[in-house]
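Undergrad: Can you keep this structure in mind? I'll have questions shortly.
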Amino acid sequence: MIRALLTLAIASTLPLTAHADTGCRGDGLQSNPATLLVRTDNDVYGRANQDQGYTAGAVITWVSPDLDSPTDDSCLPAALRWLDRGFGWLQPDGIEQRNLVLGYTHALYTPTDGTRADLIVDDRPYAGVLMLGAGWNGRRGDRLSSTHLRLGMTGPSAQGEAAQDGVHRLFGRKRFRGWDNQLRDEVLVQVQHERLRRWHRRDYGDAMAWDLIGHAGGAVGNLATFANTGVELRWGKHLPDDFGTDPLRPAGDNSAPGPAADLGDAWGWHFFVGLDARWVFHDITLDGNSWKDSHSVDKREAIADLSLGVAITRGPWKIAGSHVRRSREFVGQQARPVFGTITISRSF
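One gets the numbering used here by counting positions in the sequence shown from 1 and adding 115 to each.
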């Protein structure tokens, strides 16, 4: 199943390459760049001596250059055009910039006590989640609409145990012994949608500015079903022309790239603080498998993330680090989760 998903993801990008030399690169593709983003999350980065909950993650995202047509762009593979028409009603009218988004996510969840091999009834299940996604961004000025379809796996086929063993060897940590109690194999499907707006950008001379970015949206699927809303504040020098630096949202990793003319060689930096609140109706990593018997806990419906971070930019490059504090996710959770993220992205 995982090999099939990876093959599908690679194959879906081939038509884009094939059309590159046959008139597919219109004016929009030349004026707006693509962006490649790589992100790692780990509780080691949080510097709170934790190794539990959402303990590690890896994200790779590619955002295309600006595409010409909302539903019939010849650069897109036929399957993606078909999906696009199905979800086109979620996109706002009058789109000025349109981007295809392809993504890969691998996330690991564990209980607190990794020395125990037995089932820890009062702590969250072991779970690995491996997802591939395709989606679309529609930008109009200071507004962004983002819609994504994600497919993947949880259970042993998601290779969570192998991934955590590799991470722990890297950081010199002990191996967790309870992976035999992880969630069982289940195919995952999720549709995500989020809308963002940027307000009140102000310049103060010497390229200093601030902006405020609000977001609202949600997701439906057997991975997780929730509604979310929040805000991000940024302040610094040479703020990028995008929709935020805080990555922990449905649209956080695929913000529409700015115009190529903005990718000068000047150094920039900014601080950011982000808040995301969500009402969770379902979370397979807490509620357990949908159709098979598995371990579960009594989740909390209201969850919030507070992120503090700094980003450095130069030309097409952006490097960002953030410290994240999350509210307790289930009844009886010993400590509030704390972790960090490191993100490197390049527009080209």
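Backbone N, C-alpha and C define an ideal beta-carbon position, used for all residues, glycine too.
No experiment lies behind these values; they were computed from the predicted model shown.
For T230, does the count of other Cβ atoms within 10 angstroms reach 16, so buried, or fall short, so exposed?
TA: Exposed, since its Cβ has fewer than 16 Cβ neighbours within 10 Å.
Undergrad: Inspect the beta-carbon positions of F387 and L348 and report whether they are closer than 8 Å.
TA: Yes. Within cutoff.
Undergrad: Decide if T456 is buried, meaning its Cβ has at least 16 other Cβ atoms within 10 Å, or exposed.
TA: Buried is the call here.
Undergrad: Rounded to the nearest angstrom, what separates G333 and F341 at their Cα positions?
TA: Computed Cα separation, rounded: 5 Å.
Undergrad: Between A277, L151, F396, L182, which has its C-alpha nearest G218's C-alpha?
TA: Nearest of A277, L151, F396, L182 to G218, Cα basis: L151.
Undergrad: In whole angstroms, what is the alpha-carbon distance linking D237 and D402?
TA: Cα to Cα, D237 sits roughly 13 Å from D402.
Undergrad: State the start and end residues of the unbroken alpha helix (DSSP H) segment that holds Q279.
TA: 275-286 is the span of the alpha helix (DSSP H), which, as asked, contains Q279.
Undergrad: Excluding the 5 residues preceding and the 5 following R265 in the sequence, name in chain order all residues of the same chain whose CB lies nearer than 6 Å to its CB.
TA: Same-chain partners within the cutoff: M246, G248, Q305.
Undergrad: From this set, D257, V425, E444, T458, which residue's C-alpha is nearest W314's C-alpha?
TA: Taking only the C-alpha atoms, the option nearest W314 is D257.
Undergrad: Do the segment 445-455 and the segment 426-434 meet, that is, are 3 or more Cβ pairs less than 8 Å apart?
TA: Cβ pair count under 8 Å is below three, so no.
Undergrad: For A324, which option in A194, W350, I459, H438 has the closest C-alpha, if you only look at C-alpha atoms?
TA: Taking only the C-alpha atoms, the option nearest A324 is W350.
Undergrad: Check N296 in the structure and name its three-state DSSP category.
TA: Reduced to three states, the DSSP call for N296 is helix.
Undergrad: Relative to the C-alpha of I418, which residue among S409, G436, I175, N343 is closest?
TA: Comparing Cα-Cα distances from I418 to each of S409, G436, I175, N343, the minimum goes to N343.
Undergrad: Per DSSP, what kind of secondary structure is D238 in: helix, strand or coil?
TA: Correct three-state label for D238: coil.
Undergrad: Rank D181, I210, G209, L215 by C-alpha distance to the C-alpha of R196 and give the top, closest one.
TA: Per the Cα distances, L215.
Undergrad: Name the one or two DSSP bridge partners that F387 has.
TA: DSSP, once it has assigned bridges, lists R349, G424 as partnering F387.
Undergrad: For Q305, which beta-bridge partners are listed by DSSP?
TA: Answer is R265, G336.
Undergrad: Which class does D357 belong to by DSSP, given the choice of helix, strand or coil?
TA: Three-state DSSP puts D357 in coil, outside helix and strand.
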